[in-house]
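The structure appears below as structure tokens.
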Amino acid sequence: MNAYERLLLENKAWAVEKVADDPEYFSRLAHLQTPEFLWIGCSDSRVPANEITGTQPGEIFVHRNIANMVVHTDLNLLSVLDYAVEHLKVKHVIVCGHYGCGGVKAAMTQHNFGIINKWLRNIKDVYRFHREEVDSIPDMEERTNRLVELNVQEQVINLAKTSIIQKAWKEFQRPHLHGWVYGLKDGLIKPVFDMPPGTHIDEIYEFDDL
Ligand code: ZN
Numbered sequence: 132m133n134a135y136e137r138l139l140l141e142n143k144a145w146a147v148e149k150v151a152d153d154p155e156y157f158s159r160l161a162h163l164q165t166p167e168f169l170w171i172g173c174s175d176s177r178v179p180a181n182e183i184t185g186t187q188p189g190e191i192f193v194h195r196n197i198a199n200m201v202v203h204t205d206l207n208l209l210s211v212l213d214y215a216v217e218h219l220k221v222k223h224v225i226v227c228g229h230y231g232c233g234g235v236k237a238a239m240t241q242h243n244f245g246i247i248n249k250w251l252r253n254i255k256d257v258y259r260f261h262r263e264e265v266d267s268i269p270d271m272e273e274r275t276n277r278l279v280e281l282n283v284q285e286q287v288i289n290l291a292k293t294s295i296i297q298k299a300w301k302e303f304q305r306p307h308l309h310g311w312v313y314g315l316k317d318g319l320i321k322p323v324f325d326m327p328p329g330t331h332i333d334e335i336y337e338f339d340d341l
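Using the numbering used here, you'd call the opening residue of the sequence shown number 132 and step up by one each time.
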């Protein structure tokens, strides 16, 4: 059997099992999704949002990219964010990084990764903002892991810089923004940063007319 055929077979077994447990399962989900959470995570195959949070289909709206970045020119991210906040009315947006992130590790080198350089540049900027703190850590693994945490923090702040979040905060006092880091070694999530609705950021980023 080809590897991809296994996926299709597993899918059939899964669908049968779901209907056996709950005959209305698919017809209910097909009509409506009302997730409370938007998850912005890393594309890394070891960090599946639903599985590590014990949530079901329909509970989390998910966007993933290399190193869970919130880049203000990324039309994909902005469209997902706008849809989640404006239409799905999510109450929480979670940026979830993970220790040992390959994207963060790559950004800390001078290696030329071709087209990925442009994406990693955003992480290099985070490193530059926090260079003093990061460079003061002697152990390389710990240094990378601290940058993972700081990167999550900066991406949460990047969310707060968007007019999408500022407008929702002003009008609806939601969503709450969270920065989390997942541990590949123990499976545990550590909250590292948090911005409740209405949190002020550097005023140069705050729009006066929303
Ligand atoms: Zn990663």
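Yeah, the Cβ is synthetic: ideal placement off N, Cα and C, and Gly gets one too.
Contact belief for residue i with residue j at Cβ below 8 Å, rounded distance in angstroms
i: residue 181; j: residue 235; result: No, residue 181 and residue 235 are not in contact; Cβ-Cβ is about 23 Å, not under 8 Å.
i: residue 278; j: residue 239; result: 7 Å
i: residue 178; j: residue 229; result: 5 Å
i: residue 323; j: residue 272; result: Going by Cβ atoms, the distance from residue 323 to residue 272 rounds to 17 Å, so no, they are not a contact pair.
i: residue 315; j: residue 233; result: Rounded, the Cβ-Cβ distance is 11 Å, inconsistent with contact.
i: residue 212; j: residue 169; result: 7 Å
i: residue 299; j: residue 330; result: That belief does not hold up - the Cβ atoms of residue 299 and residue 330 are roughly 13 Å apart, past 8 Å.
i: residue 296; j: residue 193; result: The Cβ separation is near 18 Å, so there is no contact.
Residue environment, residue i, which counts as buried when at least 16 other CB atoms sit within 10 Å
i: residue 286; result: buried
i: residue 309; result: buried
i: residue 284; result: buried
i: residue 172; result: buried
i: residue 335; result: exposed
i: residue 258; result: buried
i: residue 293; result: buried
i: residue 269; result: exposed
i: residue 133; result: exposed
i: residue 275; result: buried
i: residue 288; result: buried
Coarse secondary structure for residue i, derived from DSSP in three states
i: residue 242; result: coil
i: residue 203; result: coil
i: residue 316; result: coil
i: residue 260; result: helix
i: residue 338; result: coil
i: residue 255; result: helix
i: residue 225; result: strand
i: residue 219; result: coil
i: residue 185; result: coil
i: residue 325; result: strand
i: residue 233; result: helix
Where the beta strand (DSSP E) through residue i begins and ends
i: residue 194; result: 191–196
i: residue 171; result: 168–173
Residue i: first and last residue of the uninterrupted alpha helix (DSSP H) it sits in
i: residue 133; result: Per DSSP, residue 133 belongs to no alpha helix (DSSP H) and is neither H nor E.
i: residue 160; result: 156–162
i: residue 293; result: Counting along the chain, residue 293 falls outside any alpha helix (DSSP H), and DSSP gives it neither H nor E.
**Request:** Would you check if there are 3 or more beta carbon pairs closer than 8 Å linking the stretch 181–191 to the stretch 155–165?
**Result:** A contact exists between the stretch 181–191 and the stretch 155–165.
**Request:** Assess, as a yes-or-no matter, whether the stretch 241–260 is touched by the stretch 192–205 under the definition of 3 or more beta carbon pairs within less than 8 Å.
**Result:** Touching, per the Cβ criterion.
**Request:** Taking 8 Å as the threshold, find out whether the stretch 199–219 comes into contact with the stretch 137–146 through three or more Cβ pairs.
**Result:** The stretch 199–219 vs the stretch 137–146: no contact.
**Asked** Is the stretch 208–224 in contact with the stretch 290–307, if contact means three or more CB pairs nearer than 8 Å?
**Response** Yes, they touch.
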